[in-house]
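Student: Protein chains in written order, with this note's numbering: chain A, 1 to 333; chain B, 1 to 333.
Backbone N, C-alpha and C fix where the C-beta goes; we use that ideal spot for every residue, glycine too.
2 protein chains.
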Amino acid sequence: MPAKGATVADWAVTERSGLAQIRAAAATRPGTTLGIGDDAAVLDLGDRALACVDLLIDGVHFRRSAGDMESVGHKAIAVNLSDIAAMGGEPVAALVALTLPHDGMGPDELGALYEGMEREAAAAGVSIAGGDMSAGPALALAVTLLGRLPAGARCLTRAGGRPGDLLFVTGPLGAAAAGLAIDEGRAPPSATPSAPALVRALRRPRARLAEGRALAAAGARAGIDISDGLALDAARLAAESGCAAQIDLERVPVADGVPEIAAALGRDPAEFAATGGEDYELLVALGPGEAGSVAGSAALELHRVGHLQRGEGCTVAREGVPVAIGSAGWEYP
Amino acid sequence: MPAKGATVADWAVTERSGLAQIRAAAATRPGTTLGIGDDAAVLDLGDRALACVDLLIDGVHFRRSAGDMESVGHKAIAVNLSDIAAMGGEPVAALVALTLPHDGMGPDELGALYEGMEREAAAAGVSIAGGDMSAGPALALAVTLLGRLPAGARCLTRAGGRPGDLLFVTGPLGAAAAGLAIDEGRAPPSATPSAPALVRALRRPRARLAEGRALAAAGARAGIDISDGLALDAARLAAESGCAAQIDLERVPVADGVPEIAAALGRDPAEFAATGGEDYELLVALGPGEAGSVAGSAALELHRVGHLQRGEGCTVAREGVPVAIGSAGWEYP
Chain A
1 MPAKGATVAD WAVTERSGLA QIRAAAATRP GTTLGIGDDA AVLDLGDRAL ACVDLLIDGV
61 HFRRSAGDME SVGHKAIAVN LSDIAAMGGE PVAALVALTL PHDGMGPDEL GALYEGMERE
121 AAAAGVSIAG GDMSAGPALA LAVTLLGRLP AGARCLTRAG GRPGDLLFVT GPLGAAAAGL
181 AIDEGRAPPS ATPSAPALVR ALRRPRARLA EGRALAAAGA RAGIDISDGL ALDAARLAAE
241 SGCAAQIDLE RVPVADGVPE IAAALGRDPA EFAATGGEDY ELLVALGPGE AGSVAGSAAL
301 ELHRVGHLQR GEGCTVAREG VPVAIGSAGW EYP
Chain B
1 MPAKGATVAD WAVTERSGLA QIRAAAATRP GTTLGIGDDA AVLDLGDRAL ACVDLLIDGV
61 HFRRSAGDME SVGHKAIAVN LSDIAAMGGE PVAALVALTL PHDGMGPDEL GALYEGMERE
121 AAAAGVSIAG GDMSAGPALA LAVTLLGRLP AGARCLTRAG GRPGDLLFVT GPLGAAAAGL
181 AIDEGRAPPS ATPSAPALVR ALRRPRARLA EGRALAAAGA RAGIDISDGL ALDAARLAAE
241 SGCAAQIDLE RVPVADGVPE IAAALGRDPA EFAATGGEDY ELLVALGPGE AGSVAGSAAL
301 ELHRVGHLQR GEGCTVAREG VPVAIGSAGW EYP
């Protein structure tokens, strides 16, 4: 589609060359019958297909001026893979709706963006199978991820939790929020030797696909990925399950380097970790019966962080005493 | 996700209330096992799922200032249904990634947008099954449509055409481009009594779903929907089929009212109709053997407009003589 102010011919060339560039780089992987180049992709998704979409917008979710387009591409795929992971599914294919800024984007920048997407897609066995491209006010990506539930597998929804279930996360929290504080210059990288790892956690998150499938198979009752912070995402899981959540701050696993960054920001480390977004660990509810055996499994790193109870909302407590936290929400630009 | 400059709490309320509003309005239709409210939608799409995405951006594809959000919603669904139609498929579910402008959007405006989407989705038996929402520089929609090929049905790709095939369209062309000229004040609505119908063709296109399925069943070899103009989309179909297209201007069916608008613009009506975009008729290639029986079928309105031949690109001819047209492309803002 043409940009306002650009001539039709100019834009058509941009769209054509951009699409040719992307198509040449996109491999077709199992489950994709027909990829880029037709009116729609043809996929093998079965009777329990999974479908989700996430937006990444310049100036809101990333800064193009940071000059790391490959990480933007990586993240655009990874955050969607995380949604498939949170259902216990396996990813198959992605569609990329790309808004290019009106002032254009060079082939190198577009190439880096797609390289980041293609690498992360390849690592998960996913084809980039289609998309759309348009000019617009700012660089933006809407990535749709299609997947499927493995035959016979349970679907890990948000709605299956019950009062009395225990809540677990799949790894330490706070790294991405700490990375953001460094990236934005709010905290000095000199505060911790973990600074590069924290920035990497922000820019190159990893979806917990194997963990999601294992937890679904192990009988987890409900699950969600932690994109907007443990406290807020626990509230969401609880709401869909028709109950309330309690998070015990003293149990929250805090990632390496986060205490130093939290200190530099004048924040409590556990509270910072419980409200920081974009870690993409999974939060799951396990019945008291399953909790012991699953949490003891050597194959899964699980940290108990709280429980579900009657009521609504999410209470954050320290040693059993509710505390007011800075925001229900999360650390985000 | 929070808007830059908005407080987390402000935006969280907006996202929550917006999602609640959308969820309340979204019906779950056959093929959708789990709709809005989880990490991913669960759908029954089978082993030949169809997936496509289209962007609609304020200032590029529509003008929010025109105050007709219901039509924007309608069109966001319809243009995607058209891609499913062009594959000979049946639509199942849509995901809506919605970028709200930083200065916000009232519940009435959001409601009208979703009413337009939900009505058009309902008419096609489609659930709005998920999505994402963020603040950004301008109102924008990325709608993903998921569908499936009916059991035993052929898939109508762009790639199946061969030299010697005849090209047909499913209805008269040029109405949407003429509607755009009226909408933008480039042509006077007084030029034709069909002006309201032309503007409606632009704002409320209809996807040719039944036609796509019938043409696939009738043995059409290749198909595409005409979104960017007959000449350009014929070139695309030909390129994917490894041959060239010729369009015969004297055969191009011209929609009512288009000759008057073309005259007001100083354009030849057939050329205007052959290059104007957004009509969403289907363009199909039929082998010479099938062409007679299919084109004679009372159930389908088919107009022969040209043929495929050896070579590449698209030649536009009048009475067999190639003519230079203003642009290979299309009428678009």
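(1) When burial is assigned at 16 or more other CB atoms within 10 Å of the CB, is A140 of chain A buried or exposed?
(2) Confirm, please, whether the CB-CB distance from G223 of chain A to A86 of chain A is below 8 Å.
(3) Any C-beta of chain A sitting closer than 8 Å to the C-beta of I57 of chain B?
(4) Any idea which residues DSSP pairs T315 of chain B with across the strands?
(5) Find the residues of chain B that neighbour S134 of chain A, judging by a C-beta separation of less than 7 Å, and give them in chain order.
(6) Do the stretch 153 to 163 of chain A and the stretch 234 to 247 of chain A make contact, defined as three or more Cβ pairs closer than 8 Å?
(7) Assuming contact is defined by CB atoms lying nearer than 8 Å, are A187 of chain B and I261 of chain B in contact in what I supplied?
(8) For the stretch 221 to 249 of chain A, list every residue whose C-beta sits within 7 Å of some C-beta in chain B, in sequence order.
(9) Determine the DSSP secondary structure at I325 of chain A, reduced to helix, strand or coil.
(10) Given 8 Å as the limit, is there contact between the stretch 61 to 74 of chain A and the stretch 67 to 79 of chain B, that is, 3 or more CB pairs closer than that?
(11) Nearest to L167 of chain B by CA position, among B:P253, B:L19, B:G277, is which residue?
(12) Return the CA-CA distance between T32 of chain A and D47 of chain A, expressed in angstroms with no decimal places.
(13) Considering E90 of chain B, what are the terminal residues of the alpha helix (DSSP H) in which it resides?
(14) Hey, how far is the Cα of D279 of chain A from the Cα of V316 of chain B?
(15) Pairs of beta-carbons, one from the stretch 79 to 93 of chain B and one from the stretch 200 to 210 of chain B, closer than 8 Å: are there three or more?
(16) List, in chain order, every chain A residue whose beta-carbon is nearer than 8 Å to that of C334 of chain B.
(17) What first and last residue would you give for the alpha helix (DSSP H) that runs through S293 of chain B?
(18) Let's test the definition: count the other Cβ atoms within 10 Å of the Cβ of S227 of chain B and tell me whether it reaches 16, buried, or not, exposed.
(19) Specify the secondary structure class of I370 of chain B as computed by DSSP and reduced to three states.
(20) List the residues of chain B that R23 of chain A touches, going by C-beta distances under 9 Å, in chain order.
(21) Exposed or buried, what is P193 of chain B when buried is set at 16 or more other beta-carbons lying within 10 Å of its beta-carbon?
(22) Which complete alpha helix (DSSP H) runs does the stretch 103 to 188 of chain A hold, if anything under 4 residues is left out?
(23) Output the distance between the C-alpha atoms of E115 of chain A and P107 of chain B, rounded to the nearest integer angstrom.
(24) What residues in the stretch 95 to 127 of chain B bring their beta carbon closer than 7 Å to a beta carbon of chain A?
(25) Are the beta-carbon atoms of A274 of chain B and L302 of chain B separated by less than 8 Å?
(26) In the DSSP assignment, find the unbroken beta strand (DSSP E) run with A225 of chain B in it and report its ends.
(27) With distances taken Cα to Cα, identify the nearest neighbour of L173 of chain A among A:V305, A:V96, A:G320.
(28) Closer than 7 Å, Cβ to any Cβ of chain B: which residues of the stretch 68 to 84 of chain A, in chain order?
Tutor: Quick look at the numbers:
(1) As a first step, residue 140 of chain A must be located in the first sequence, where it is residue number 140. So A140 of chain A counts as buried.
(2) The residue labelled residue 86 of chain A in the question sits at position 86 within the first sequence. The residue labelled residue 223 of chain A in the question sits at position 223 within the first sequence. The answer is yes: Cβ separation under 8 Å.
(3) By one-based count along the second sequence, residue 57 of chain B stands at place 57. Judged by the 8 Å Cβ criterion, I57 of chain B is in contact with chain A.
(4) As a working mapping, residue 315 of chain B is identified with position 315 in the second sequence. In DSSP, T315 of chain B forms a bridge with B:Q246.
(5) Numbered from 1 along the first sequence, position 134 holds the residue referred to as residue 134 of chain A. Within chain B, the residues near S134 of chain A are L55, I57, V60.
(6) yes
(7) Position 187 of the second sequence, counted from the first residue, corresponds to residue 187 of chain B. Position 261 of the second sequence, counted from the first residue, corresponds to residue 261 of chain B. Contact: yes.
(8) I224, D225, E240
(9) Numbered from 1 along the first sequence, position 325 holds the residue referred to as residue 325 of chain A. Reduced to three states, the DSSP call for I325 of chain A is coil.
(10) no
(11) Here residue 167 of chain B corresponds to residue number 167 of the second sequence, with the count starting at 1. Closest option to L167 of chain B, Cα to Cα, is B:P253.
(12) Counting from one through the first sequence, the residue named residue 32 of chain A turns up at place 32. Counting from one through the first sequence, the residue named residue 47 of chain A turns up at place 47. Cα to Cα, the separation comes out at about 16 Å.
(13) As a first step, residue 90 of chain B must be located in the second sequence, where it is residue number 90. Careful: E90 of chain B lies outside any alpha helix (DSSP H), inside the beta strand (DSSP E) at 90 to 101.
(14) Numbered from its first residue, the first sequence carries residue 279 of chain A at position 279. Numbered from its first residue, the second sequence carries residue 316 of chain B at position 316. Taking the straight line from one Cα to the other gives about 55 Å.
(15) yes
(16) No information on residue 334 of chain B is available, as it lies outside the stretch 1 to 333 that chain B covers here.
(17) As a working mapping, residue 293 of chain B is identified with position 293 in the second sequence. From DSSP, the alpha helix (DSSP H) with S293 of chain B extends over 288 to 295.
(18) Locating residue 227 of chain B in the second sequence gives position 227, counting from the first residue. S227 of chain B is buried by the Cβ-count criterion.
(19) In the structure as shown, chain B begins at 1 and stops at 333. Residue 370 of chain B is therefore absent and cannot be evaluated.
(20) As a working note, residue 23 of chain A is residue 23 in the first sequence. Result: empty, since nearest Cβ-Cβ is about 11 Å, beyond 9 Å.
(21) Residue 193 of chain B sits at position 193 when you count from the first residue of the second sequence. By the neighbour-count rule (16 or more Cβ atoms within 10 Å), P193 of chain B is not buried but exposed.
(22) 107 to 123, 175 to 183
(23) Indexing the first sequence from 1 puts residue 115 of chain A at position 115. Indexing the second sequence from 1 puts residue 107 of chain B at position 107. Approximately 39 Å, taken between the alpha carbons.
(24) L95, A97, T99
(25) Here residue 274 of chain B refers to the residue found at position 274 when the second sequence is read from its first residue. Here residue 302 of chain B refers to the residue found at position 302 when the second sequence is read from its first residue. Result no, Cβ atoms of A274 of chain B and L302 of chain B do not sit closer than 8 Å.
(26) Numbered from its first residue, the second sequence carries residue 225 of chain B at position 225. A small fix is needed here, since residue 225 of chain B is Asp in this sequence, not Ala. It spans 222 to 225 - the beta strand (DSSP E) in which D225 of chain B sits, taken as one unbroken run.
(27) The count along the first sequence starts at 1 and reaches residue 173 of chain A at position 173. Comparing Cα-Cα distances from L173 of chain A to each of A:V305, A:V96, A:G320, the minimum goes to A:V305.
(28) D83, I84
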